[in-house]
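**Q** Okay, here's the structure, questions in a sec.
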Amino acid sequence: MPASPRPRLAVWKFASCDGCQLSLLDCEDELLAVAGEVEISNFVEASSAVAPGPYDLSLVEGSITTEHDRHRIQDVRAQSRHLITIGACATSGGIQALKNFAHLEDFQRAVYARPEYIESLATSTAIADHIKVDFELRGCPINKHQLLEVISAFLHGRRPNVPTDSVCIECKRRGTVCVVVAQGTPCLGPVTQAGCGAICPAYQRGCYGCFGPQDTPNTEAWTRKLRDLGLSPIDVQHVYRTFNAGAKPFRAAGDAAGVREGT
Amino acid sequence: MNERTIAVDYLARVEGEGALRVRIEHGTAKEVELRIFEPPRFFEALLRGRAATEAPDITARICGICPVAYQMSACHSIEQAYGIHVTGVLRDLRRLLYCGEWIESHALHIYLLHAPDFLGYPDAIRLAHDRPDAVQAGLALKKVGNQILTLLGGREVHPINVRVGGFYRAPSRDELETLRRPLEEASSLAERTVRFAAGLHFPPIEEEYEFVALRHPEEYPLNEGELVSSRGLRIPVTRFEEEFEEVQVPYSHALQAHRRGGGAYLVGPLARYALNRDRLPPRARKLADEVGLEEVVRNPYRSIVVRAIEIVFACEEALRLIDRYSPPAAARVPLPATPSQTRGCAITEAPRGILYHRYDLEPDGRIREAKIVPPTSQNQTRIEEDVRHVVAGAIDRPDAELADACEKAIRNHDPCISCATHFLKLEVERV
């Protein structure tokens, strides 16, 4: 194929569910337009034509959980001019980071009869723990409109317009009645970053923190509130320990909930 | 040279990471290993100690392509343990949500992942240069599936509105009405898809599959039914583990499921169709007849036509459910404070085939042990057999061509490697 003047895009997968890269294919109205703006050079889930690097923009999904991947991410970085991590696995280690609070051997034995065949590190960690990352897009899964905004921003050499304030702001903007105030429903909205569009409260459910901690989360105060709403210490710990359990403020809040592992 | 190894390092256009290794000795495929090297994420381990009510949201993260399947199998399992039954309108809403996932997932596979194989393109983007009509039809269909997921579930990937007992919020009639026109358009696109798929060129291959699927007294199966097979198995889903077992192989991170005392079997569209053709709505059956789809399809390449027929079904079913919808008094069946039995298990039909969940609970409702058997781990051994046959029929072709043929044989089954862990790396060793 002749050299293309279009920026070259690569999509990489580490430990994950594929949902965030699927978000790109879920841009049904925009996909062909995006494909016109960039050359999709390496996107194994969508294409068997893989062109070698370097790439102008790499999107990285998934967390680092194996020795092999610890090296592979270095290689991906070396081939990428800009590198953006997409989704909770890549930005905080994902749900699989729950193993960081347990013993690897115990986890392996719970799933596999022959754990010795299984290659796995004791931890699941964010991509930014291993390499320099140019931008982190949050969410479990990411919001596809934010993904388009981020791709477009990098193509035009500007900072993405992705707010880092809380889900509460989105609830207010959307006109959703607060589920904590009106129904006493436990909600992580005040400590969670916006971006999803405050979907859960709009469906009469408390936010469960899938976009990770907001910029300045007061988890200490919010933990007290969650206890007042009737959650036990272990329930509070579990609330923080889901899809962003490895994100620092949530990790600290979960630890501080004061319950030892296994109780 | 009478020894040859063919390796495909990354299987493209499948969800997840995998590889294939084939060892050819004296012109026969001796070893075929489908290696799933998606890093393990230990879901069954990390679920321990969590509240049973968290299982739907946590297990959804096993697969971004079929999260609803995980949510459904989890909900049904936990509800069984708590002794509650979700019926009537709430059951309809679950079926509707599942229809959305089937439409989305099947349209993705047919147009973006599978069709390029038949038409000689590396991907749908390049296919769109020459056949924009086909790719746009696929994207339009996929979008309607996603509209159902978004309206009813809150978002396309990892919907937030599903809970044990039902939903957080049931939609109004007016809200569901907004899906009618898109679904009517999808319905006619689905019919075009059947004709498009049936017009592709298929290698003349017939496999001897043991098909395994759910079977329901009246419906084409989604959430419920008995477990049946084309070799006469007929059991309640609670007996799944008596009849099927998972084994670990040294070369893969995914466990492989087998019939106890038997062997490989196949789940997914070919199996559902073979065992439930009589439960399809008349229009879908008529279309199948029109395009010459026999009652049992044993050619794995033609699964693309069966997927299209299932989209026709899913659109019709969704419209039927919307027609008769009136909002429920409550969005869920309330859950008792504690489970009434310590074990709950269920099977539902994910787009790729049956998905088994089993939870053993503590008296307070926390999970003591979880077991999850996804469709792709069930199909792995059978996919290896398909590949063995492809190799046998193309043994003299150069490695690159052989590797390409093997990859296509794998993609026929729409494997989702994130679910089973992942795959795609072909290594052929010739001895």
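Residue numbers (our numbering), protein chains in the order written: chain A, 2 to 264; chain B, -17 to 413. Glycine residues also receive a C-beta, built at the ideal position from the N, C-alpha and C atoms. Computed from a prediction, not measured in an experiment: that's the story for all the values here.
Given a cut-off of 8 Å on the beta-carbon distance, is the pair Val362/B and Leu72/B in contact?
**A** Strictly speaking, residue 362/B in this sequence is Gln, with Val absent from that position. Not in contact: Gln362/B and Leu72/B (Cβ atoms no closer than 8 Å).
**Q** Between Val181/A and Cys172/A, how many whole angstroms is the CB-CB distance? I'm expecting something under 8 Å.
**A** With 8 Å as the limit, Val181/A and Cys172/A do not qualify as a contact, their Cβ atoms being about 10 Å apart.
**Q** Does DSSP classify Leu337/B as helix, strand or coil?
**A** Leu337/B falls in the strand class under three-state DSSP.
**Q** Could you confirm whether any beta carbon from chain A is found closer than 8 Å to the beta carbon of Asp156/B?
**A** It does not: the Cβ of Asp156/B has no partner Cβ on chain A nearer than 8 Å.
**Q** Can you find at least 3 beta carbon pairs, one from the region 109 to 120 of chain A and one from the region 244 to 256 of chain A, that sit closer than 8 Å?
**A** Counting Cβ pairs under 8 Å, fewer than three are found: no touch.
**Q** Against chain B, with Cβ distances strictly below 8 Å, would Pro142/A count as a contact?
**A** It does; some Cβ of chain B falls within 8 Å.
**Q** Using the three-state DSSP reduction, which class does Tyr56/A fall into: helix, strand or coil?
**A** Looking at Tyr56/A - three-state DSSP - the assignment turns out to be strand.
**Q** Decide if Glu355/B is buried, meaning its Cβ has at least 16 other Cβ atoms within 10 Å, or exposed.
**A** The identity of residue 355/B in the sequence shown is Val, whereas the question assumes Glu. Looking at its Cβ environment, which holds 16 or more other Cβ atoms inside 10 Å, Val355/B is buried.
**Q** Would you list the residues sitting across from Phe149/B in a DSSP beta bridge?
**A** Looking at the DSSP assignment, Phe149/B forms a beta bridge with Val144/B.
**Q** Using alpha carbons as the reference points, say which of Pro185/B, Asp112/B, Ile107/B and Arg76/B lies closest to Leu131/B.
**A** The shortest C-alpha separation from Leu131/B is found at Arg76/B.
**Q** Under 7 Å Cβ to Cβ from Val249/B, same chain only, skipping five residues before and after it: list those, please.
**A** Cβ within range, chain order: Val194, Ala195, Gly335, Ile336, Pro357, Gln360 and Asn361.
**Q** At which residues does the alpha helix (DSSP H) containing His240/B begin and terminate?
**A** Looking at the DSSP string, His240/B is not in any alpha helix (DSSP H); the run it does join, the beta strand (DSSP E), is Gln238 to Arg241.
**Q** Please look up how many angstroms separate the CB atoms of His339/B and Arg261/B, rounded, as I've assumed it's under 8 Å.
**A** About 23 Å; that fails the 8 Å criterion.
**Q** In chain order, what are the residue ranges of uninterrupted alpha helix (DSSP H) at least 4 long that sit wholly in the region 1 to 65 of chain B?
**A** Fully enclosed alpha helix (DSSP H) runs of 4 or longer: 25 to 28, 37 to 42 and 49 to 64.
**Q** Flag this pair as yes or no: are the beta carbons of Ser93/A and Ala248/A separated by less than 8 Å?
**A** Yes, Cβ-Cβ distance for Ser93/A and Ala248/A is below 8 Å.
**Q** Once DSSP output is grouped into helix, strand and coil, what is the label at Ser169/B?
**A** Helix.
**Q** How is the beta strand (DSSP E) around Lys133/A delimited, first residue to last?
**A** Counting along the chain, Lys133/A falls outside any beta strand (DSSP E), and DSSP gives it neither H nor E.
**Q** Taking Cβ-Cβ distances below 7 Å as the criterion, which residues of the region 86 to 105 of chain A are in contact with chain B?
**A** Hits within the stretch, in order: Ile96, Gln97, Leu99 and Lys100.
**Q** Taking C-beta pairs closer than 8 Å, name the residues in chain A that Gln230/B reaches, listed in chain order.
**A** What Gln230/B touches in chain A: Tyr113, Ala114, Arg115 and Tyr118.
**Q** Report the residue from Leu161/B, Arg350/B, Glu366/B and Leu384/B whose alpha carbon sits nearest the alpha carbon of Gly245/B.
**A** It is Glu366/B whose Cα lies nearest to the Cα of Gly245/B.
**Q** With DSSP run on the structure shown, which of helix, strand or coil describes Pro161/A?
**A** Three-state result, Pro161/A: coil.
**Q** Under 7 Å, CB to CB, which of the residues in the region 80 to 98 of chain B have a partner in chain A?
**A** Taking 7 Å as the Cβ-Cβ cut-off against chain A, the residues of the region 80 to 98 of chain B that qualify are Leu90 and Leu94.
**Q** Among the candidates His140/B, Gly0/B, Pro21/B and Asp39/B, whose CA atom is the shortest distance from the CA of Asp27/A?
**A** Of the candidates His140/B, Gly0/B, Pro21/B and Asp39/B, the one whose C-alpha sits nearest the C-alpha of Asp27/A is His140/B.
**Q** Determine the DSSP secondary structure at Glu206/B, reduced to helix, strand or coil.
**A** Here Glu206/B sits in coil by DSSP.
**Q** Kindly indicate which residue of Leu301/B, Ala300/B, Arg350/B and Gly243/B has the alpha-carbon position closest to the one of Thr324/B.
**A** Nearest option by C-alpha distance: Arg350/B.
**Q** Less than 8 Å between C-beta atoms, sequence neighbours within five positions excluded: which residues of the same chain meet that for Thr67/A?
**A** For Thr67/A, where only same-chain residues beyond five positions count, the Cβ hits under 8 Å are Ala16, Glu120, Ser121 and Leu122.
**Q** Give me the subset of the region 36 to 47 of chain B whose CB atoms are less than 9 Å from a CB atom of chain A, sorted by chain position.
**A** For the region 36 to 47 of chain B, which is checked against every Cβ of chain A, the residues closer than 9 Å are Glu36, Asp39, Ile40, Ala42, Arg43, Ile44, Cys45, Gly46 and Ile47.
**Q** When we look at the beta-carbon of Asn144/A and count the other beta-carbons within 10 Å, is it buried (16 or more) or exposed?
**A** Classification of Asn144/A: buried, given that the 10 Å Cβ count is 16 or more.
**Q** At the 8 Å Cβ level, is Leu161/B part of the contact set with chain A, yes or no?
**A** Not an interface residue.
**Q** Go ahead and pull the three-state DSSP assignment for Thr126/A.
**A** Reduced to three states, the DSSP call for Thr126/A is strand.
**Q** Does the contact criterion of 3 or more C-beta pairs under 8 Å hold for the region 291 to 305 of chain B versus the region 166 to 174 of chain B?
**A** Yes, the region 291 to 305 of chain B is in contact with the region 166 to 174 of chain B.
**Q** Which bits of chain A does Ala27/B rub up against, with CB to CB less than 9 Å?
**A** Within chain A, the residues near Ala27/B are Leu99, Lys100, Ala103, Asp107, Phe108, Gln109, Arg110, Ala111 and Val112.
**Q** Would Arg174/B count as contacting chain A if we go by Cβ distances under 8 Å?
**A** Output row for Arg174/B: interface = no.
**Q** Which residue from Arg139/A, Glu221/A, Ser48/A and Pro250/A puts its Cα closest to that of Ile87/A?
**A** Comparing Cα-Cα distances from Ile87/A to each of Arg139/A, Glu221/A, Ser48/A and Pro250/A, the minimum goes to Arg139/A.
**Q** Cβ of Gly20/A less than 8 Å from any chain B Cβ?
**A** Chain B contact via Cβ: present.
**Q** At which residues does the alpha helix (DSSP H) containing His104/A begin and terminate?
**A** From DSSP, His104/A is part of no alpha helix (DSSP H); its letter is neither H nor E.
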